[in-house]
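> So the protein lines, in turn, are chains E and D.
Residue numbering for the first sequence follows my numbering, starting at 17 and increasing by one per position.
Residue numbering for the second sequence follows my numbering, starting at 154 and increasing by one per position.
All residues carry an ideal CB built from backbone N, CA and C; glycine is no exception.
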Amino acid sequence: MTDIADSERDILAAIDAAKDERALDEVRVAALGKKGTIAELLKTLGALSPDERKIKGPIFNSLRDRVTTAIAARKKALEDAVLDARLHSERVDVTLPAPEIPRGTIHPVSHVKDEIIAILADLDFKVAEGPDIESDDYNFTRLNIPAEHPARQMHDTFYMKPQADGTRPLLRTHTSPVQVRTMLSQKPPIRVIAPGRTYRCDSDATHSPMFHQVEGLVIDEETHLGHLKWVLQEFCKAFFEVPQVTMRLRPSYFPFTEPSMEVDIQCDRSGGQIRFGEGKDWLEIAGSGMVHPRVLELCGIDPKRYQGYAFGFGIDRLAMLKYGIPDLRPFFDSDLRWLKHYGFAALDIPALHEGLSR
Amino acid sequence: MKFTLSWLKEHLDTGADAATIADKATNIGLEVEHVEDKAASLAAFTVARVISAVPHPNADKLRLCMVDTGRETAQVVCGAPNAREGLVGVFAPPGTYIPGSDFTLSIAKIRGVESRGMLCSERELLLSNEHDGIIELPPDTKIGSPAAAALGLTDPVIDVAITPNRGDCTSVYGIARDLAAARLGTLKSGAVTPVPGQFPSPIRISLEFPAGAETACPIFAGRLIRGVKNGPSPEWVQKRLKAIGLRPISALVDVTNLIAHDRGRPLHAFDAGKLKGHMRARLATPGETLLALDGKTYTLDSEMTVIADEATARGIAGVMGGEDTGCTEDTTQMFVESAYFDPIRTARTGRTLGIVSDARYRFERGVDPEFVIPGLELATQLILEFCGGEPSEIVVAGAVPQWKRAIPFSATEVKRLAGLDMPQTEIVAILTRLGFEISGQAALSVVPPSWRSDVHGPADLVEEVVRIHGLENVPAAPMSRPYAVARAVLTSAQRREGLARRALATCGFDECVHFSFIPRAHAALFGGGDEARQLENPISADLDAMRPSLLPSLLAAAARNQARGFSHAMLFEIGAQFESGVPEAQTDVAAGIRAGEPPRHWLKAASAPDIFTAKADCLAALEAAWGGPVTAPVQPGAAPWYHPGRSGTIALGPKVLAYFGELHPRIIAAFDLKGPVSGFEIFLDAIPEPKARPTKARAKLDASDLMAVERDFAFVVDAVITADQILKAARAADRQLIERVELFDIYEGKGVPEGKKSLAIAVTLQPKERTLTEAEIDAVAQKIVNAVTKATGGVLRS
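Here it is, written out as structure tokens:
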């Protein structure tokens with residue numbers, strides 16, 4: 017029996033000593049191969065008496081099992097060591113910069129336009145559009161601004177060169193001609209907003225010859241000033257993402273609305289940042305009013321039956337106020353530093369249920 | 154429109170202070186832009202006396218003054234030549250902000266001597282431009298008292314922005330009248346006592362207008378005043394005019410300015426000694442010139458009204474008088490003109506000539522036609538009071554134009570338009586306070602007062618009621634929700650635009666917004682720059698052409714960024730390009746560019762601009778906007794601003810969906826861009842409308858459980874054969890089994906004959922019913938080879 021014990025000790029020692037898989041395999045062949053130590057032992061069983069076989073058989077078999085297990089364990093250990101060595105050799109400097117996935121931006125004007133649409137779509141305002149080049153008729157006359165009206169002079173209109181058909185079109189000075197187009201093409205009830213580019217022949221630190229407005233128009237049989245007030249209030253709360261705003265309507269004058277009013281909201285400008293829903297300063301943010309009966313008439317709507325309101329915001333101005341963008345002119349200059357800084361991520365899609373902005 | 158508080162209170166009996174008045178005025182539509190209260194802004198400045206003044210030890214021009222401030226004796230270094238012992242002036246202690254010099258005073262050593270405060274000039278207090286010496290107050294002024302009071306500046310100045318419709322509020326009296334209607338006080342009587350004439354006017358007047366132009370001046374009145382002695386107007390008049398920023402000139406002129414601002418009634422004072430014969434109002438003769446009071450000579454046209462004597466035009470009606478016949482110190486007899494001029498004609502004249510004047514401001518907004526004669530009487534009164542003299546009888550040509558109009562009105566209109574429940578009595582009371590005359594019971598008839606030419610219909614009356622009642626009292630009313638859960642509102646075109654925008658930003662492009670007008674030279678490079686797309690009055694010479702493409706703006710932006718040191722830019726814009734100069738000839742485009750070599754990277758730099766990055770960008774946006782894979786074919790070549798051999802067009806029949814490619818080297822050079830530039834233009838309006846489908850359910854997914862088989866083929870073809878030809882032929886070889894064909898390699902060079910190229914494709918076969926046998930696979934492979942050979946003449950590369 018000592019032979020067996022010695023053999024086992026020798027084999028296990030050889031397994032342990034195997035430096036790689038090849039050496040291990042040699043040990044395996046030497047131990048378990050056809051002519052291996054254990055095979056030789058097993059061969060001796062045939063010559064033994066049944067009683068002896070009963071005793072030695074299990075001993076030899078268990079020896080074989082132990083050796084097999086030891087070889088498998090050693091093999092696993094050797095493989096692990098090889099893998100560890102490979103992994104060690106494959107180590108890199110993880111601080112190296114990865115290839116950049118380019119990240120683009122959405123312009124603040126587009127983002128704010130989407131915010132405005134998200135808010136007002138909840139009240140079923142459709143989005144109406146019209147051309148940038150307009151006729152005098154739609155931009156002025158049908159909005160109750162006849163030629164020589166002092167209000168027309170306030171508009172600093174860009175005109176096109178005379179056209180082949182004798183007309184002299186202009187660049188719309190406000191988005192209000194979209195009101196005209198909407199009223200001429202649709203029957204009340206009407207609920208639309210019209211965001212878009214507008215143009216005035218005016219340029220200084222706070223003016224740009226092109227800017228963006230969004231116009232709202234509601235025409236039906238019962239809409240009145242109280243509804244306008246409510247919409248403006250709810251819009252401002254939603255847009256500025258504050259629970260409360262204090263709003264002031266001031267009587268004013270626009271040829272296309274009567275009564276007309278300007279809309280101020282209260283804000284706090286201390287500390288170089290503007291906050292809404294608090295403070296003592298007033299900030300003018302919109303013009304509004306009940307659509308002038310003359311405008312309804314000129315757009316083919318019976319002012320005795322229908323009435324409604326209109327309001328207008330400056331999109332760029334709203335963007336500046338909400339996001340603290342100090343100047344208007346860089347909006348249109350495409351300085352990459354500005355675009356990356358004030359722009360919005362591609363997936364920042366304004367939605368009421370997610371919050372309009374981060 | 155500026156006025157002082159005390160001036161207002163001359164017409165309005167009220168105990169309200171400036172702040173209350175300003176709030177109320179703003180509330181009723183007279184927007185107060187600014188209240189300047191010197192008593193508050195100059196609170197730190199006090200009256201002080203110079204006890205002693207000796208020369209500065211180290212400076213010839215400076216003096217060392219000991220000043221009694223009423224609280225202490227302060228040592229002040231002063232450079233004013235009039236700084237002397239006994240002078241009573243205005244003192245600013247250290248820490249005071251000096252508005253005229255825009256700094257805050259501190260204790261300082263001036264030429265080695267400490268100065269603890271300052272004696273101020275008028276300029277330093279922003280009172281005038283006077284800076285030759287320090288202010289001198291009467292010697293008996295109380296030392297230590299507020300300087301503003303001592304200077305008579307305790308009267309706040311209120312500046313109101315008058316909207317173009319409110320001609321009635323271009324006067325202090327008019328503002329008082331509106332505030333009184335809003336119950337801020339009681340309006341004092343503005344009635345004017347006529348001054349009887351003492352002799353017939355030697356100057357007669359007439360209206361000489363051709364038929365149809367009579368409305369230019371329906372009434373013209375005047376009177377001669379002889380024996381006047383012109384000179385400075387009284388102190389109170391000068392002070393009032395100065396307070397609102399007007400320069401006192403002489404009593405005769407100041408009277409007209411005073412009445413213009415006080416009562417909104419422009420007048421003109423002619424030196425009668427310089428007039429030739431009788432006066433008339435007429436249209437100017439074309440080319441007639443006039444040297445106006447502003448010292449400029451104007452050439453008039455036949456649409457303009459003038460006041461003329463028998464020789465020539467003497468004034469541009471409602472706009473400005475003539476220099477030659479203006480009153481001077483030497484004037485002894487004068488003729489006062491008071492007339493009503495047509496607002497539109499006056500506005501046009503002023504605008505054509507580029508003259509802004511107090512008279513034009515009022516006439517173009519509409520003056521009170523009933524105040525033509527009272528205004529003249531008021532002027533007479535004041536002239537007699539200030540300058541003496543003897544007035545003639547008044548001469549009048551024409552008559553006060555008809556202004557009375559009755560507006561049918563129902564009190565229910567207030568509820569209908571404003572949502573405001575107000576009893577009729579209250580509505581009537583407000584309108585009455587505003588001077589409207591009301592008759593009738595339920596069906597009311599409302600006549601606006603003569604000074605309210607802006608009120609024409611029921612909506613105007615509602616506005617009057619609401620603004621006086623207070624907009625803050627209009628209850629907010631929730632709008633109805635047409636649908637319990639909001640529905641989608643965007644049209645498919647609007648949605649496409651948003652999808653293209655998000656897709657491009659996801660690809661790494663930064664969105665820009667550029668002006669719709671660009672330099673004509675740029676427009677010309679992109680098929681524009683024609684006369685019809687030019688602006689008549691551009692803001693500057695290089696923003697004069699409506700853009701025919703979005704690319705020039707993007708290229709210019711990239712060039713600006715390169716000039717700032719950013720060599721690589723990926724920019725896009727979504728907006729209109731203009732096909733002509735008339736409305737509705739614009740196309741909605743999404744365009745983008747990659748300009749310049751991308752930044753270097755140790756591992757993998759971003760793709761450089763070339764035709765294939767442009768194609769990928771273009772397809773990404775187009776697919777996002779379209780809502781699926783682009784099935785429209787790609788054709789070689791695009792618009793002339795692209796590289797002719799490295800650009801493509803995606804079109805559906807004649808409808809161009811997009812151009813993409815490398816920009817033409819001449820274009821890159823024209824914009825002074827460095828490095829390669831690629832770009833694309835997607836014509837969003839050309840994208841087909843999605844088909845309306847009755848259900849949102851998708852087609853059933855048909856994914857086979859059987860293993861797909863992939864086989865590679867390489868074909869040697871003529872160099873002119875396109876990848877598309879091979880791919881199409883291979884795909885068509887067996888439509889049942891072939892699921893996918895992809896090009897994975899192109900090779901030209903060794904082993905491939907000259908003028909040929911090798912294209913390698915991978916074909917995926919997807920069995921549907923049972924696993925394919927080798928024989929079946931070989932059969933399909935042969936079909937593919939045959940199909941490609943047939944279509945392209947290519948041979949299988951061995």
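What span of residues does the beta strand (DSSP E) with residue 275(E) cover, start to end?
Its beta strand (DSSP E) spans residues 273–284.
> Please report the straight-line C-alpha distance between residue 119(E) and residue 362(E), rounded to a whole angstrom.
Taking the straight line joining both Cα atoms gives about 8 Å.
> For residue 160(D) and chain E, any beta-carbon pair shorter than 8 Å?
For residue 160(D), the answer is no, since every Cβ of chain E falls outside 8 Å of its Cβ.
> Decide if the stretch 173–184 of chain E is in contact with the stretch 683–690 of chain D; the criterion is three or more beta carbon pairs, one per stretch, under 8 Å apart.
With a cut-off of 8 Å, the stretch 683–690 of chain D and the stretch 173–184 of chain E count as touching, because enough Cβ pairs lie within range.
> Using 8 Å for Cβ pairs, my map puts residue 327(D) next to residue 604(D). What's the rounded Cβ distance?
Indeed, because the Cβ distance is near 7 Å, the residues count as touching under 8 Å.
> What residues match up with residue 106(D) in a beta bridge as DSSP calls it?
Because chain D in this structure spans residues 154 to 951, residue 106(D) falls outside the shown range and cannot be described.
> Between the stretch 609–625 of chain D and the stretch 74–90 of chain E, do three or more beta carbon pairs fall short of 8 Å?
Touching, no.
> Extract the residue ranges of the beta strand (DSSP E) inside the stretch 238–273 of chain E, only unbroken runs of 3 or more that lie entirely within it.
Segments of the beta strand (DSSP E) lying fully in the stretch 238–273 of chain E: 263–270.
> Between residue 118(D) and residue 610(D), what straight-line distance do the alpha-carbon atoms span, to the nearest angstrom?
In the structure as shown, chain D begins at 154 and stops at 951. Residue 118(D) is therefore absent and cannot be evaluated.
> Who are residue 801(D)'s beta bridge partners in DSSP?
For residue 801(D), which the question treats as bridged, DSSP gives the partners 789(D), 813(D).
> Could you spell out the range, first to last residue, of the alpha helix (DSSP H) harbouring residue 647(D)?
It spans 645–659 - the alpha helix (DSSP H) in which residue 647(D) sits, taken as one unbroken run.
> Can you say whether residue 870(D) is buried or exposed, counting buried as having 16 or more other CB atoms within 10 angstroms of its CB?
Residue 870(D) should be labelled buried.
> Check each residue of the stretch 142–163 of chain E: if its Cβ is closer than 9 Å to any Cβ of chain D, include it; give the result in chain order.
Hits within the stretch, in order: 142, 143, 145, 146, 147, 148, 149, 150, 151, 154, 162, 163.
> Thinking just about the alpha-carbon of each residue, which of 683(D), 333(D), 666(D) is nearest to the one in residue 674(D)?
Checked all of 683(D), 333(D), 666(D); the closest Cα to residue 674(D) is 683(D).
> Judging by CA-CA distance, which residue of 910(D), 924(D), 829(D), 570(D) is the nearest neighbour of residue 949(D)?
Of 910(D), 924(D), 829(D), 570(D), the residue nearest in Cα terms is 910(D).
> In whole angstroms, what is the alpha-carbon distance linking residue 252(E) and residue 798(D)?
Taking the straight line from one Cα to the other gives about 53 Å.
> Going by the beta-carbon positions, is the gap between residue 521(D) and residue 479(D) smaller than 8 Å?
No. Outside cutoff.
> Using the C-alpha atoms, what's the distance from residue 132(E) back to residue 625(D)?
Spanning the two alpha carbons is a distance of roughly 25 Å.
> Give every residue of the same chain whose Cβ lies closer than 7 Å to the Cβ of residue 224(D), excluding the five residues on either side of it in the sequence, and list them in chain order.
Taken in chain order, the residues that qualify are 297.
> Does the contact criterion of 3 or more C-beta pairs under 8 Å hold for the stretch 410–421 of chain D versus the stretch 522–529 of chain D?
Counting Cβ pairs under 8 Å, three or more are found: they touch.
> Pull up the distance between the alpha-carbon of residue 544(D) and that of residue 459(D), whole angstroms please.
Approximately 24 Å between the Cα atoms of the pair.
> In the DSSP assignment, the beta strand (DSSP E) including residue 83(E) goes from what residue to what residue?
Taken as a continuous stretch (DSSP letters only), residue 83(E) belongs to no beta strand (DSSP E), being part of the alpha helix (DSSP H) at 66–105.
> Taking CB distances under 8 Å as the criterion, tell me whether residue 343(E) reaches chain D.
Chain D contact via Cβ: absent.
> Per DSSP, what are the beta-bridge partners of residue 109(D) in this structure?
Nothing can be reported for residue 109(D): it is not among the residues displayed for chain D, which extend from 154 to 951.
> Quick one: using the 10 Å Cβ neighbour count with 16 as the cut-off for buried, is residue 463(D) buried or exposed?
The residue is exposed, with fewer than 16 neighbouring Cβ atoms inside 10 Å.
> Any beta-carbon of chain E closer than 8 Å to the one on residue 636(D)?
Closer than 8 Å to some Cβ of chain E, the Cβ of residue 636(D) qualifies, so yes.
> Leaving out the 5 sequence neighbours to the left and right, which residues in its chain are closer than 8 Å to residue 73(E) when beta-carbon positions are compared?
Result list for residue 73(E): 61, in chain order.
> Just mark residue 494(D) as buried or exposed, buried being the case when its beta carbon has 16 or more other beta carbons within 10 Å.
By the 10 Å Cβ count, residue 494(D) comes out buried.
> Listed in chain order, which residues of the stretch 95–121 of chain E have Cβ atoms closer than 9 Å to some Cβ of chain D?
Of all residues in the stretch 95–121 of chain E, 112, 113, 114, 115, 116, 117, 118, 119, 120, 121 have a Cβ within less than 9 Å of some Cβ in chain D.
> Got a sec? Which residues, its chain only, sit under 8 Å from residue 936(D) by beta carbon, not counting five neighbours each side?
The residues are 886, 887.
> Per the contact definition of three or more C-beta pairs closer than 8 Å, is the stretch 857–867 of chain D in contact with the stretch 923–933 of chain D?
Touching, yes.
> Answer with yes or no whether the minimum CB distance from residue 187(D) to chain E is below 8 Å.
Not closer than 8 Å to any Cβ of chain E, the Cβ of residue 187(D) fails to qualify, so no.
> When the cut-off is 8 Å and only beta carbons count, does residue 659(D) lie next to chain E?
Yes, residue 659(D) lies at the interface with chain E (some Cβ there is under 8 Å from its Cβ).
> What does a CB cutoff of less than 6 Å around residue 127(E) pick up in its chain, not counting 5 residues either side in sequence?
The residues are 360.
> Specify, as a first and last residue, the run of the beta strand (DSSP E) that residue 146(D) falls within.
The displayed coordinates of chain D run from 154 to 951. Any statement about residue 146(D) would go beyond what the structure contains.
> Is the stretch 493–512 of chain D touching the stretch 379–398 of chain D in the sense that three or more CB pairs, one from each, lie closer than 8 Å?
These segments do not touch.
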